[in-house]
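Please read the structure below before turning to the comments.
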Amino acid sequence: MPDALSFDTLLIANRGEICVRIIRTCRELGIRTVAVYSDADRDALHVQMADEAVRIGPAPSNESYLRIDAILDAARATGAQAIHPGYGFLSENAGFARACAEAGIIFVGPSPEAIEQMGDKTSARELMRAAGVPMAPGTPDAIEDAEEAERVAGDIGYPVLVKAAAGGGGKGMRVVHRAEDFLSSFEMARSEAQSAFGDGRVYLEKYVVGPRHIEFQILADSHGNVVHLFERDCSIQRRHQKVVEEAPSSVLTPELRERMGAAAVAAAKACSYEGAGTIEFLLTSEMEFYFLEMNTRLQVEHPITEMITGLDLVAEQLRIASGATLGYSQNDLTINGHAIECRIYAEDVPGGFLPDPGPLFRHRSPDGTGVRVDTGVSEGGRVPIYYDPMIAKLIAWGEDRETALRRMRRALQDYMIVGVSTTIPFCASVIENPRFQTGEYSTAYVDNEFAIDAIEATDVEARIAVLAGLPSEGSDKALPKALRLEEDAPSRWLNRR
């Protein structure tokens, strides 16, 4: 185990691909890993790969992966001195970070105070305003009175965004284009925020039409050193959630990158941040940028930053949590090449990107030069109904953006999944889109550019070839009736261009 680390056993309070990804780094560093699992994940890949695994409850996340007591009990029982929360679940829960500290266990992440400051959108906005980070026009605090909110919206000017003060992921968010729709949208946003986060507070912000979603990865140690690892462009989204990301952005000039990076570092310093985090901005068509929010955890899309910087962000998190200094300055960091990530979800794209959990009769991921696949599933497993339907993250790197695009196109063609609908055809349509290829796109891409007929239909020859290799009628793994060739298995079962 490297001298810089102060622990030799790490419990990963998560599941799926992020758990598998953390385990791989721990293996390289000689750290023993402990996985936790629900009943739905008893045979999951992360359980198989960890050195030890502990059951923490039934399938629903509020009875397993969100149970702080069960996770801490598992850490004590296995001798884990540190806990990595991954992303989602308890990763941005200040109470969990505080409970770890009280139990004498290292939390691989920022302090509870930083999580609280940046997790509450109104307090984060106030802090960023004081730090001089550019902000979009809006209310400095949560606003309770609906009629007062309607008056303020009129002053800001439509369209406006009604946004939950707590949480994220597009929940508790409503775009209001007309004054006559404001009151109903305001109440819906409050109701959804209360349901999703147990906190119905909302605030108002000027809605920027057709912006780019640009985020900066930052690393900060406990000795006051903060650097940014450049930007990721996350503008291809559905339901305010990212699907395709790239690094670096195709539109940032060196001067704008420097200014945005400096703002990201200032944001991290303002909350005395430690660990890996992300400062998210909206970039207008006039190249003005505004603070959006901070994610106080490792991001789903962190691999593309790793590909262009050569850093292992999980390893950096573990070093920082052990009290080590970064060991490098901003001037030591450079961008090497270009990387693109496509999130492969089990989703019914024509049906509105709705989750489509189910069995993975085939899961054959691509490989080759410049291609990386981070996944938490294996062939013969299932995408459970209880959790996020992500199957994998497909990453392609090249010496330049054109090379990365070519490799991603080939990787998507080679990716074979049978059993569930996926976002592979959607991602392929994005890569082929002329506006994406020229870098001229925004967060309005799905609304303005995407059409269902852009997804190529599965050809009969490919379907026959795949189905011919699946288990036969007499096998104990025989296909369900809907998959048998004579029943004309629908193209949803085969996601391949």
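Numbering-wise, the sequence shown is residues 1 to 497 according to full-length UniProt numbering.
Idealized CB from N, CA, C, for every residue including glycine.
query	result
Going by DSSP, name the residue or residues bridged to residue 342.	244 and 394
Can you name the start and end residues of the beta strand (DSSP E) that residue 233 belongs to?	226-238
Taking contact to mean 3 or more Cβ pairs, one atom from each stretch, closer than 8 Å, check whether the stretch 351-363 and the stretch 416-427 are in contact.	yes
Could you give the distance in angstroms between the alpha-carbon of residue 304 and the alpha-carbon of residue 89?	22 Å
Return the residue from the list 47, 15, 85 and 398 that minimises the CA-CA distance to residue 296.	85
Can at least three beta-carbon pairs, one atom from the stretch 261-275 and one from the stretch 438-450, be found at a separation below 8 Å?	no
Report the start-end ranges of each alpha helix (DSSP H) in the stretch 103-191 that is 4 residues or longer and not cut off at the edges.	112-119, 121-130 and 146-156
Could you say which of 241, 227 and 147 lies nearest to residue 233 if we only look at CA atoms?	241
Rounding to the nearest angstrom, what Cα-Cα distance links residue 61 and residue 73 in this structure?	17 Å
Could you pull out every residue in the same chain whose Cβ sits closer than 6 Å to the Cβ of residue 492, ignoring the five residues on either side in sequence?	Only weak support is given to the placement of residue 492: the predicted model assigns it a pLDDT of 41, under 50, and the value that follows is read from those uncertain coordinates. Within the same chain, residue 492 has close Cβ partners 421.
Based on DSSP bridge pairs, tell me the residues matched to residue 511.	Coverage of the chain is limited to positions 1 through 497, which leaves residue 511 absent and any answer about it impossible.
Bridge partners for residue 281 per DSSP, in chain order?	214 and 291
Keeping to the same chain, check which residues put their C-beta closer than 8 Å to that of residue 338; ignore five residues upstream and five downstream.	246, 247, 248, 308, 397, 398, 399, 400, 401, 403 and 404
Is residue 394 buried or exposed, if buried means 16 or more other CB atoms sit within 10 Å of its CB?	buried
Given residue 120, which residues of its chain have a CB within under 7 Å of its CB, disregarding the five upstream and five downstream residues?	165 and 166
Quick one: what's got a C-beta closer than 6 Å to residue 504's C-beta in the same chain, skipping five residues either side?	Since the first and last residues shown for the chain are 1 and 497, residue 504 lies out of range.
Let me know the beta strand (DSSP E) ranges lying completely inside the stretch 31-67, each 3 residues or longer, listed in chain order.	32-38 and 52-57
Name the residue from 269, 181 and 374 whose alpha carbon lies nearest to the alpha carbon of residue 300.	374
Going along the chain, which residues of its own chain have a beta-carbon closer than 7 Å to the beta-carbon of residue 365, five neighbours each way excluded?	373, 375, 392 and 415
Which residues in the same chain have their Cβ closer than 7 Å to the Cβ of residue 82, if we skip the five residues on either side of it in sequence?	7, 10, 105, 106, 108 and 321
What are the residues that DSSP puts in a beta bridge with residue 276?	219
Measuring CB to CB, does residue 277 end up less than 8 Å from residue 110?	yes
Just reading off the beta strand (DSSP E) that residue 374 is part of, what are its end residues?	371-375
Using CA coordinates, which residue listed in 170, 143, 181 and 268 is at the minimum distance from residue 200?	143
When DSSP labels each residue in this structure, what does residue 8 get in the three-state scheme?	coil
Taking the C-alpha atoms as reference points, what is the distance between residue 268 and residue 330?	14 Å
Please report how far the alpha carbon of residue 287 lies from the alpha carbon of residue 226, in whole angstroms.	25 Å
For residue 432, which three-state DSSP category applies?	helix
Note down, in chain order, each residue of its chain lying with its Cβ closer than 6 Å to the Cβ of residue 17, except the 5 sequence neighbours on either side.	374, 375 and 376
On a CA-only basis, which of 96, 14 and 453 is nearest residue 351? Give me that one, please.	453
Measure the beta-carbon distance from residue 115 to residue 94 and round it to whole angstroms, keeping in mind my assumption that it falls under 8 Å.	4 Å
Is the Cβ-Cβ distance between residue 217 and residue 275 less than 8 Å?	no
Please work out which residues of its chain come closer than 7 Å, Cβ to Cβ, to residue 40, disregarding the five sequence neighbours upstream and downstream, and give them in chain order.	59, 384 and 386
Around the Cβ of residue 438, are there at least 16 other Cβ atoms within 10 angstroms (buried) or fewer (exposed)?	exposed
Using DSSP bridges, identify the partner residues of residue 82.	10 and 106
Taking 6 Å as the limit between beta carbons, can you name the residues of its chain near residue 213, skipping five residues before and five after?	234, 235 and 443
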